[in-house]
Amino acid sequence: MLSFSRLRTCLFAVPVAVALLLTGFPPETSRLDGIGEAQAQQQQPRRRTLLELLKGNQQQQVAPQVKKAPKRATRRTTKTRKTSRRSNRTVKRTVTTSAPRAPAVAESETVEKLDSARTVLVVGDFIAGGLAQGLEEAFADVAGVRIVSRANGSSGFVRDDFYDWPASVGAIIEEVSPAVVVVMIGSNDRQAMRVGGRSEEVRTGAWDREYISRVNSFAAAVQATNTPLVWVGGPPFRFKSMSADILAFNEFYRDAATAVGGTFVDIWDGFVDEDGAFVASGSGVSGQTVRLRASDGINFTKDGKRKLAFYVERQIRQMLGDAASPLLTTLAPESFSTMRLPPLQPETDLVRINPIPLTDPELDGGAALLGDITRREREAGNNPLQAKSIRRKLVQDGVPPPPMPGRANDFTWPEDEPQAEPVEPS
Numbered sequence: 001m002l003s004f005s006r007l008r009t010c011l012f013a014v015p016v017a018v019a020l021l022l023t024g025f026p027p028e029t030s031r032l033d034g035i036g037e038a039q040a041q042q043q044q045p046r047r048r049t050l051l052e053l054l055k056g057n058q059q060q061q062v063a064p065q066v067k068k069a070p071k072r073a074t075r076r077t078t079k080t081r082k083t084s085r086r087s088n089r090t091v092k093r094t095v096t097t098s099a100p101r102a103p104a105v106a107e108s109e110t111v112e113k114l115d116s117a118r119t120v121l122v123v124g125d126f127i128a129g130g131l132a133q134g135l136e137e138a139f140a141d142v143a144g145v146r147i148v149s150r151a152n153g154s155s156g157f158v159r160d161d162f163y164d165w166p167a168s169v170g171a172i173i174e175e176v177s178p179a180v181v182v183v184m185i186g187s188n189d190r191q192a193m194r195v196g197g198r199s200e201e202v203r204t205g206a207w208d209r210e211y212i213s214r215v216n217s218f219a220a221a222v223q224a225t226n227t228p229l230v231w232v233g234g235p236p237f238r239f240k241s242m243s244a245d246i247l248a249f250n251e252f253y254r255d256a257a258t259a260v261g262g263t264f265v266d267i268w269d270g271f272v273d274e275d276g277a278f279v280a281s282g283s284g285v286s287g288q289t290v291r292l293r294a295s296d297g298i299n300f301t302k303d304g305k306r307k308l309a310f311y312v313e314r315q316i317r318q319m320l321g322d323a324a325s326p327l328l329t330t331l332a333p334e335s336f337s338t339m340r341l342p343p344l345q346p347e348t349d350l351v352r353i354n355p356i357p358l359t360d361p362e363l364d365g366g367a368a369l370l371g372d373i374t375r376r377e378r379e380a381g382n383n384p385l386q387a388k389s390i391r392r393k394l395v396q397d398g399v400p401p402p403p404m405p406g407r408a409n410d411f412t413w414p415e416d417e418p419q420a421e422p423v424e425p426s
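Have a look at this one:
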């Protein structure tokens, strides 16, 4: 009888032989020198052992666990690629969005202002600050005009304890020495005002009287400096109550500017529709529909500021004349001293000839009496100016003017063509 050890060996050898017959290669016994187990598994597929061959079901359950890790790694790699692609797309979109804005930098090129440039002083509240920006863009290519802004965003005529415009504008004008003063104010004045030690609500009788007094004081302060005044009316706003008050303020400003010889510029129609309602978008200075007002319905966009300055720009150009012309960029006043006109010719070298009008009656003898025509014709001789004219030959002698080839009175028959013989009636 076989011993227990031999029986165990035989039982173990039988599966090995079966495995050799099925697989055709011995179980894995080779080892890679100098390479770890993890690296060897990545470089070549792992061979299944005898126990894995005998336990096929368990191997199928274990195999997906081994392969799951690479799949997860692959998915992570894919996510990373997607993320990188998204980031690349984001960069491309950013470049595409910023590309059209590049020419705007070239359009904002400004010329160097002359030392003798005329100064336009802009004062008022935050709307006046936007007006100054629009005027700077409007006169960017004019070397003879400089825009100076002294606007105070939170100022007005009501809170004189915060900023007193009638008392401060004189010192500002003396410092800047402007050629024109442009004021735009009133957007912050829709609030209660202290009148005679008590608070008065907006648009009450006492409030209006005090407000008009302060507006007139400001206009008188500008008039005292002998500086032209351009008062720009307030614009409409999204809130109807606010627009109604601004309309009333504009009448106060118009009366004050007219009283001191200033100019009032009404911009209201440029920011409303045909029904007089507030519009956020409208026609810009280029004629295209653009966004004029911000989302709050109060502030102006860049295009809105430029349109706001358009109405004032025309008035400034009329007041400054040649100084507001872009020609001064190339023809500066400093160059006038180097320009020399050609010397005049002496009187002795001039040959003066009286002008002869085309309707001069002397050309056809119309100034002579009828009885004196024969004598004048005899004295004419070969002088073509004194000979009998074509009109006189036609009227007096009945001689028609000679026919000109191609005209309607040319009844001559060409010599090289035979004339048709008249046909007698039968």
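Quick note on numbering: the sequence shown equals residues 1 to 426 in this note's numbering.
All C-beta atoms in this analysis are idealised placements derived from N, C-alpha and C, irrespective of residue type, glycine included.
Between the CA atoms of Val145 and Thr96 - distance to the nearest angstrom: Interpretation of Thr96 is limited by its pLDDT of 44, a score under 50 that renders its predicted location unreliable; the figure taken from the coordinates is listed afterwards. The straight-line gap from Cα to Cα measures roughly 37 Å.
DSSP three-state assignment for Trp231, whether helix, strand or coil: strand
Buried versus exposed call for Ala244 [16 or more other C-beta atoms within 10 Å across all chains shown]: exposed
Residue burial classification, Gln133 (beta-carbon count within 10 angstroms, cutoff 16): buried
Inter-stretch contact (C-beta, 8 Å, three-pair minimum) for the segment 293-311 and the segment 119-138: yes
Distance cut-off 8 Å: Arg254 Cβ against heavy atoms of the ligand COA: The ligand COA is absent from the structure shown, which contains no ligands of any kind.
Secondary structure, beta strand (DSSP E): runs of 3+ residues fully inside the segment 259-289: 263-265, 281-283
Thr78 - DSSP class collapsed to helix/strand/coil: Any reading at Thr78 must be qualified, since the residue scores a pLDDT of 45, below 50, and its modelled position is unreliable; the value itself is stated next. Helix at Thr78.
N- and C-terminal bounds of the beta strand (DSSP E) containing Gly205: Here Gly205 belongs to no beta strand (DSSP E); instead the alpha helix (DSSP H) covers 205-223.
7 Å Cβ shell around Val285 - same chain, five flanking residues per side excluded: Arg306, Lys307, Phe310
C-beta contact flag for Val265 and Pro228 at 9 Å: no
Strand pairing of Met242, partner residues [DSSP]: Per DSSP, none; premise fails for Met242.
Cβ neighbours of Arg407 in the same chain (closer than 7 Å, five flanking residues each side left out): none
Same chain only: Cβ atoms within 8 Å of Gly196, ignoring 5 sequence neighbours per side: Ala206
Alpha carbon of Ser213 to alpha carbon of Asn226, nearest angstrom: 20 Å
The segment 260-278 in contact with the segment 229-236 per 3-pair CB rule at 8 Å: yes
Gly287 versus Ile316: straight-line alpha-carbon distance, rounded: 22 Å
Separation of Gly276 from Gly270, as counted between CA atoms: 10 Å
Length of the line joining the Cα atoms of Ala280 and Val183: 24 Å
Separation of Glu201 from Val120, as counted between CA atoms: 35 Å
Whole-Å CB distance - Ala256 paired with Ala224, under 8 Å assumed: Not quite, the Cβ-Cβ distance comes to about 14 Å (not below 8 Å), so this is no contact.
Local conformation of Gly129 per DSSP, three classes: helix
Close Cβ partners of Met242 (< 7 Å) along its chain, the five nearest in sequence each way excluded: Arg190
Nearest-angstrom Cβ-Cβ length linking Ser217 and Pro178, presumed shorter than 8 Å: About 19 Å separates the two Cβ atoms, so there is no contact after all.
Same chain, Cβ closer than 6 Å to Gly282, five either side skipped, listed in chain order: Leu292
For Arg194, three-class secondary structure by DSSP: strand
Val180 - partner residues in DSSP beta bridges: Val120
Assigned secondary structure, Phe300 (DSSP; H/G/I helix, E/B strand, else coil): strand
From Phe278, Phe157, Arg203, Val169, residue whose alpha carbon lies closest to that of Asp296: Phe278
Delimiting residues of the beta strand (DSSP E) encompassing Ile147: 145-149
Three-state class that DSSP yields for Glu200 in the structure shown: strand
Nearest candidate by alpha-carbon position, reference Ser149, set Asp115, Asp397, Val122, Arg203: Val122
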